[in-house]
Amino acid sequence: MEYFKSSLKSVLGSTPSGNQPSGAETVEKLVNRLLSSTLLDDRRDACRALKALSRTYRVEVGAQGMDALRQVLEMDRTDCEIIGLALDTLCNITNPETFSEEVDKHGPKNKIGEQFTEIFIKQPDSVGLVLIFLEEFDFRVRWPALKLLTHLLANRPKEIQEIILISPMGVSKLMDLLCDSREVIRNDVLLLLIQLTKGNANIQKIVAFENAFDRIFDVIMQEGGAEGGIVVEDCLLLMLNLLRGNISNQTFFKEGSYIQRLTPMFQMQTEIDDNLIGWSPQKVSNVHCMIQVIRALVAPSCPAQALAACQKNMKACGLLQALCNILMASGIPADVLTEMINAVAEVIRGNAINQEYLSSVMAPSAPPRPAIVVLLMSMVNEKQPFLLRCSVLYCFQCFLYKNEIGQTQLIQTLLPQGNEAPSLTTGQLLCGGLFSPDPLSNWFSAVALSHALINNNVQKEELLRVLLATNIGKPPVTLMQQCILLLQQENKTQSKLGLVMLLCRWTAHCPVAVKAFLNIDSSITYLTTLLSSQENNDDLQETLFQNMCALLIGLCVHFNDNNVQAYTKEKLCNLIENRIGLERFQDIIGGISRHEVYSRALKHPQPAAKNPSELLLDYEFCRLIKTLEGTVIKSVSDMSSIQQKNQMTVLAPADCTLVTQYKDLIREQDIQVQKLNQTVDTLMKEKQELESNVHELRTTVSYLKDQNLVLRATQTNLCDGKQAVPCANNSCSSKKELDRCKEIVTELETSLAKHVLMIEEYKQKDTNRKESILEDKLKEKIEELEKLKKDQEDLLELLTDQDSKISMYKEKLIALGEKVESDESSADLDTDDLPESSN
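Each step along the sequence shown adds one to the number in UniProt numbering, with nothing skipped, and position 240 is 240.
See the structure below:
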């Protein structure tokens, strides 16, 4: 501190005792010295002093000295020392963090650095000037220039990205620093590039084509790969920025044979790690980033052709094998294992060769079991971590995705086997999970089983053959019967949601499965009873369950081949209309797609839930809803319309005549109402015309009043100034003018009185006429209303009498032994064919 004070004295000169300058005054003198000194040493000393003050007096140094510091960068480029000092000072001024020295004055969280960054980059070439200093090898210049760019980027990321993008060789200068032998510069430029490449596809492409992947892999190998320190993580984060969502860079990465360079990073000696030192936190972070790089290349959102090519390369170069080896190893941290399973899932998704490879992988257990079986054992085990179980479900879904062989093999394990030795199979595990007391296991198993039925009607029919021995001494039941029984007995909504998703997938596009469902006692009764309840349910999951049950009934209508006599399409629609109501039924089905859970599940094939209560809908099920919701609603509506038309055609001739009479009566009443409306419109137009006439008369009166005032003023002027202002030609007499003026005033008053009288007459006539017209129309309206009411009452009596007669005829037919179908709506009128009546 004493050295700093002595330095200031040498720069500023001594000051009288007891008269110490303030911080702002000191900064001002230093800035003046920096600008006015001709000697380089003096400017260098002033710059050094400003750097020392730039933490405690950041606002003062930035406000007064930024232009001077920028001038130093332009004028003194050849002197590395003063350039380094100026860059260091600018780094302090623009630092996004708050210095401890300024907390008392400006608070713990201020935006001083951001504000000075905005001022600094207003000069268009300021950032370009800093980029030039990156070419200087001297550590005193290159390192502070790099730090300054990092601060500017942190404060104004979008603006700095655009400036660097258009700067000549701007990205190239940064990429060259990755080869700097000084680790601190190499590491700092890594951090800068991570921020620079965020959210900017153009910069990502330029960085990638500047040989970034080679340099990143070189640094990773130098640092020890997965076992390395935080620099490895930084390299992987930069690689991830370049690949995620950037199709161009992904193609370049694949064609440049960089996927092969990922394989050695996953060939880890897990046994040594397990027995000796385990996994360090940094290694866990590194492996997480490595996995994210793989998933960026094979994400389901990638274009299909590029995705398939990356999956093929990963199998060919042994990367998939390395991932599976880690998957089957012991001692892997749970979070790493979870992400590893997700990565394997996406590497095999939709790729038949990779799916077949996973099915052949055996776990090193006694006895050896397929890896798929071991994974499913974890999924249905409620003691396993929730996210791990979700990842296994995702992996199994990806294994079955577009995999008819895998789907067939799964269903076959549920069917009776020959004399083969009993072994634990995927089907047995899923059935066990389906009937487990754990609701999460129920949901996982139901969803997993439903994926074996996607676009595969053969397996839907095969699944109908599955029999379950539920109780000793009782005949076995089918899997569908057991699912419906569980649906009725289960109290946990998550379990019921899983079962309904399975049944919807099973019955969709499969009339045979619909027939089996309808033949099961109480299946439709349970669903209609549930939906006909008028109770307002505020529970989110219960509401969603009702929505899905409505969809299940709708599927039974749409894919119904009318082979079940009790539940044909027509009878199911009658049941819906009578028990639930058509509009309410349509609204219940449409409620699924309006649900937030539906939108969230439809975003990505991977289950997106942080805790078990959020796991409600499956991605593929949501896609099924998106495809069939409108079709199902239309199918039910069309069937109801057909039924109503058929009911009208089977009415007796007498009934048809009666209906025709009613229609004619209502049409006549509509015509009368229309005539009355036209009369009212005519009266309203006349009223508007009268109001317009009154407005014109009032305007005329106002004009006449103004003229009267003008004439009065003229008369006054003539009387007051007749001696002082003689006529120009001395030929007019003041008396004559005065008489003439009096006459004109008199005339105006007479006219005004007439107009006022006319207005009053118009008003009175208009009022009387309106009152008379309104009274007449009111009487007419009241009479018409009474007549309409009487006609409606007669109509209702006739309808009631008709219903009584129909009921009586049915009873007579039944007494005579004739079979009469019970159809409560058979006597209803087709209200769509009747014109609307208005009162």
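The beta-carbon is built from N, C-alpha and C at its ideal position, and this holds for glycine as well. As the structure is a computational prediction, the values presented were derived from the model and not from experiment.
By the Cβ criterion, the region 500-516 is in contact with the region 450-466, since at least three pairs of Cβ atoms, one from each stretch, lie closer than 8 angstroms. Excluding its 5 nearest sequence neighbours in each direction, Glu97 has C-beta neighbours in its own chain below 8 angstroms: Gly113, listed in chain order.
Its Cα nearest to that of Ile341, the residue Leu320 stands out among Leu320, Ala352, Glu356. Taking a contact to require three or more Cβ pairs closer than 8 angstroms, the region 147-156 and the region 116-133 qualify as touching. Val141 and Lys283 have their C-alpha atoms roughly 34 angstroms apart. Taking the Cα of Pro607 as reference, the smallest distance to any Cα among Ile524, Leu497, Tyr394 is reached at Tyr394. In the DSSP assignment, Trp443 falls within the alpha helix (DSSP H) that extends over 439-450.
Here Thr478 carries a strand assignment [DSSP, helix/strand/coil]. Under a 10 Å Cβ-count criterion, Pro144 is classified as buried, with 16 or more other Cβ atoms of the shown protein chains found around its own Cβ. Residue pairing of Ala363 in beta bridges, as defined by DSSP: Arg369.
Per DSSP, Asn574 is one residue of the alpha helix (DSSP H) stretching across 569-575. Your pair Leu615 and Trp506 does not check out as a contact, with CB atoms roughly 21 angstroms apart and the cut at 8 angstroms. DSSP places Leu415 outside both helix and strand once states are collapsed to three, so it counts as coil. Here Val61 is near Leu50, since their CB atoms are less than 8 angstroms apart.
Under DSSP, Leu467 forms a beta bridge with Thr478.
Following the DSSP letters along the chain, one finds Glu118 inside the alpha helix (DSSP H) bounded by residues 112-120. Exclusion of the five residues before and after Cys324 leaves Val361 as the residues of its chain whose Cβ lies within less than 6 angstroms of its Cβ. For His106, the enclosing alpha helix (DSSP H) stretches over residues 103-106. Exposure of Arg667 is indicated by the presence of fewer than 16 other C-beta atoms within 10 angstroms of its C-beta.
Secondary structure note for Phe396: its alpha helix (DSSP H) is the uninterrupted segment 386-400.
CA-CA distance, Gln669 to Ser637, rounds to 31 angstroms. Linking Gln222 to Ile216 through their CA atoms gives a straight-line distance of about 10 angstroms.
The C-alpha of Leu690 is placed about 23 angstroms away from the C-alpha of Lys705. Residue ranges of uninterrupted beta strand (DSSP E) with 3 or more members are absent from the region 110-184; none lies entirely inside it. Boundaries of the alpha helix (DSSP H) around Ser495: 493-507.
Between Val171 and Met379, the alpha-carbon positions lie close to 47 angstroms from each other. Of the candidates Pro108, Ala63, Phe133, Phe133 places its Cα closest to the Cα of Leu85. Taking Ala306 as reference, the option from Leu327, Gln488, Glu255 with the minimal CA-CA separation is Glu255. Distance from Leu148 to Leu69 at the Cβ level is roughly 11 angstroms; contact not present, criterion being Cβ atoms closer than 8 angstroms. In this structure, DSSP gives Met340 a helical state, which the three-state scheme calls helix.
Beyond the five residues adjoining it in sequence on each side, Ser495 comes within less than 7 angstroms, by CB distance, of Pro439, Asn442, Trp443 in the same chain, given in chain order.
Per DSSP, His558 is one residue of the alpha helix (DSSP H) stretching across 540-558. Beyond the five residues adjoining it in sequence on each side, Asp234 comes within less than 6 angstroms, by CB distance, of Leu190 in the same chain, given in chain order. In this structure, the CA atom of Ser613 is about 14 angstroms from the CA atom of Phe545. Annotation: the continuous alpha helix (DSSP H) that includes Lys51 extends over 40-53. Around the C-beta of Leu415, fewer than 16 other C-beta atoms lie within 10 Å, and the residue is accordingly described as exposed.
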